[in-house]
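Novice: Same order as they appear, the protein sequences are chains A and B.
Take 1 as the starting number for the first sequence in our numbering and just add one per residue.
Take 168 as the starting number for the second sequence in our numbering and just add one per residue.
For glycine and all other residues, C-beta sits at the position ideal for the given N, C-alpha and C.
Before anything else, here's the structure in question.
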Amino acid sequence: MRQRHASQETRRAREFEAFVAGAAGRLLHAATLLTAEAPDDNPRARRLLTLSLAHTYACWDRLRGEDPYDRTRQYLATRFARGAWHHHGGLGRSRPHPASPLAPLTPQERLILVLRLYEGVAEEQAAALLGLSAERVRAICHRATTALLHRSRGPAPAATAKKAVPS
Amino acid sequence: MSGSDREAAARRLLEQTSSRSVPPEIHAEAVRRGARMLRRRAVARRLLWLLMFAAAVGFTVWALTARPWVEPPSDTTPPLTSW
Chain A
1 MRQRHASQET RRAREFEAFV AGAAGRLLHA ATLLTAEAPD DNPRARRLLT LSLAHTYACW
61 DRLRGEDPYD RTRQYLATRF ARGAWHHHGG LGRSRPHPAS PLAPLTPQER LILVLRLYEG
121 VAEEQAAALL GLSAERVRAI CHRATTALLH RSRGPAPAAT AKKAVPS
Chain B
168 MSGSDREAAA RRLLEQTSSR SVPPEIHAEA VRRGARMLRR RAVARRLLWL LMFAAAVGFT
228 VWALTARPWV EPPSDTTPPL TSW
């Protein structure tokens with residue numbers, strides 16, 4: 001019994017290490033996009049990822065063929081959504097870093113954009129995960145994409161518009 | 168600009184600036200926290216079983232001593248003495 005327990009533990013540790021080696025880079029980037037921090041200074045994203053990975057580690061033996069990456073991403077997204085709600089306007093609110101491409105967006109817009117575009121989660125799945133309707137997710141995603149592209153090309157269209165007016 | 172073009176452009180924007188270097192302490196910390204969660208769950212499960220066992224034993228002992236299924240002796244009717 002004890003031996004079986006120990007062998008299960010070493011197997012879990014090995015599998016989990018391989019999983020982290022493969023998935024942590026992508027997940028950390030996603031978390032950094034969510035928290036809108038600079039890529040090399042992201043304590044909140046690291047904490048979020050650590051907690052999600054710990055949750056995955058704790059339910060590793062009960063995954064039963066479910067994708068651990070999927071499970072970690074789900075936990076990450078719901079935890080971020082909850083945290084964003086709690087911190088909304090409060091003292092713990094952190095200011096987005098200007099180096100992040102998603103800095104001008106709200107936490108919810110960032111979350112939906114990252115889930116839909118960066119992670120490629122289906123609209124219905126993202127809606128079910130966040131407790132919104134699929135139409136609402138589509139609308140928010142559309143708005144966020146517009147804001148993102150407008151910001152990334154921000155000064156250029158304004159300059160051409162100014163030039164175009166007098167002529 | 169069509170919808171898919173816009174999405175592709177936004178996707179490129181999200182993909183860039185990725186350093187992809189994960190600090191190793193994330194793995195260690197995740198394992199430490201995960202193992203602690205597992206340990207706490209095991210302890211909680213054990214405590215719950217222990218509590219259920221204690222409740223079952225307590226109930227059995229009480230039932231055997233109090234015998235609630237035996238009809239209590241009546242003390243409202245006076246005993247019949249002189250017939």
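In terms of DSSP beta bridges, what is residue 70 of chain A paired with?
Specialist: According to DSSP, residue 70 of chain A bridges with nothing at all.
Novice: Could you list which residues in chain B have their beta carbon closer than 9 Å to that of residue 17 of chain A, in chain order?
Specialist: Chain B residues near residue 17 of chain A: 194, 198.
Novice: Going along chain A, which residues have a C-beta under 8 Å from residue 178 of chain B?
Specialist: Under the 8 Å cutoff, chain A gives 117, 118.
Novice: Count the CB pairs spanning the stretch 51–60 of chain A and the stretch 192–199 of chain B that are closer than 8 Å, and state whether there are at least three.
Specialist: Touching, yes.
Novice: What number of angstroms, rounded off, separates the C-alpha of residue 247 of chain B from the C-alpha of residue 222 of chain B?
Specialist: Looking at the two C-alpha atoms, the distance is approximately 43 Å.
Novice: When you check each C-beta in the stretch 139–152 of chain A against every C-beta of chain B, which residues fall closer than 9 Å?
Specialist: Hits within the stretch, in order: 141, 142, 144, 145, 146, 148, 149, 152.
Novice: Looking at the structure shown, is residue 99 of chain A part of a helix, part of a strand, or coil, going by DSSP?
Specialist: Three-state DSSP puts residue 99 of chain A in coil, outside helix and strand.
Novice: Please classify residue 100 of chain A as buried or exposed, where buried requires at least 16 neighbouring CB atoms within 10 angstroms.
Specialist: Buried: at least 16 other Cβ atoms inside 10 Å.
Novice: Which stretch, first to last residue, makes up the alpha helix (DSSP H) that contains residue 118 of chain A?
Specialist: No alpha helix (DSSP H) contains residue 118 of chain A, which DSSP labels as neither H nor E.
Novice: Closer than 7 Å between beta carbons: that is the criterion. Which residues of the stretch 204–231 of chain B meet it against chain A?
Specialist: Listed in sequence order: 204, 205.
Novice: Who are the neighbours of residue 33 of chain A on chain B, taking C-beta pairs under 8 Å?
Specialist: Simply 181.
Novice: Since I believe residue 111 of chain A is in contact with residue 34 of chain A (beta carbons under 8 Å), could you give me their beta-carbon distance rounded to a whole number of angstroms?
Specialist: Indeed they touch by this definition, with Cβ atoms about 6 Å apart.
Novice: Are residue 10 of chain A and residue 177 of chain B touching if we call contact CB-CB under 8 Å?
Specialist: No, these two residues do not count as a Cβ contact at 8 Å.
Novice: According to DSSP, simplified to helix, strand and coil, what is residue 40 of chain A?
Specialist: In the structure shown, residue 40 of chain A sits in coil (DSSP, three-state: anything other than H, G, I, E or B).
Novice: Between which residues of its own chain and residue 28 of chain A is the CB-CB distance below 6 Å, once the five residues before and five after are set aside?
Specialist: Answer for residue 28 of chain A: 49, listed in chain order.
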